[in-house]
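Letter by letter, the sequence shown follows residues 238 to 319 of our numbering.
Presented below is the structure to which this report refers.
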Amino acid sequence: MNLIIFLIVGGIIGWLASILMRTDAQQGIILNIVVGIIGSFIGGVLFGPTLGGGGIYGWISAFVGAVVLLAIVNLVRRGTVR
Numbered sequence: 238m239n240l241i242i243f244l245i246v247g248g249i250i251g252w253l254a255s256i257l258m259r260t261d262a263q264q265g266i267i268l269n270i271v272v273g274i275i276g277s278f279i280g281g282v283l284f285g286p287t288l289g290g291g292g293i294y295g296w297i298s299a300f301v302g303a304v305v306l307l308a309i310v311n312l313v314r315r316g317t318v319r
């Protein structure tokens, strides 16, 4: 049950980050889930100790991590960050 919730939350965070970075039309649901999960990990490692690990700060750090991941992917894919 926790795995299903983890995938749903990762998909939502990845989808919101892709809307913010304007890459939603280029990605599908699977890539949104992957970006959300990896972004959550990045956000937890980079921003987790500063913001705390639980509650709303955990969601914020996961979202920021997903946005950072999409910025890096855009930089590699296009050569510039938009």
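Ideal Cβ positions, reconstructed from N, Cα and C, are used throughout, including at glycine.
In whole angstroms, give me the CA-to-CA distance for residue i and residue j.
| i | j | result |
| --- | --- | --- |
| W296 | N311 | 23 Å |
| Q263 | L307 | 12 Å |
| V271 | A303 | 9 Å |
| W252 | I266 | 8 Å |
| N239 | I245 | 10 Å |
| R259 | F284 | 23 Å |
| N269 | G276 | 10 Å |
With respect to the alpha helix (DSSP H) encompassing residue i, which residues constitute its N-terminal and C-terminal limits?
| i | result |
| --- | --- |
| G205 | Outside the displayed range of the chain (238 to 319) lies residue 205, so it cannot be described from this structure. |
| G247 | 239 to 257 |
| G276 | 266 to 283 |
Mind reading off the beta-carbon distance from residue i to residue j? Whole number of angstroms is fine, and I expect it under 8 Å.
| i | j | result |
| --- | --- | --- |
| G280 | V301 | 5 Å |
For residue i, count neighbouring C-beta atoms within 10 Å of its own C-beta (all shown protein chains included) and say buried if the count is 16 or more, exposed if not.
| i | result |
| --- | --- |
| T287 | exposed |
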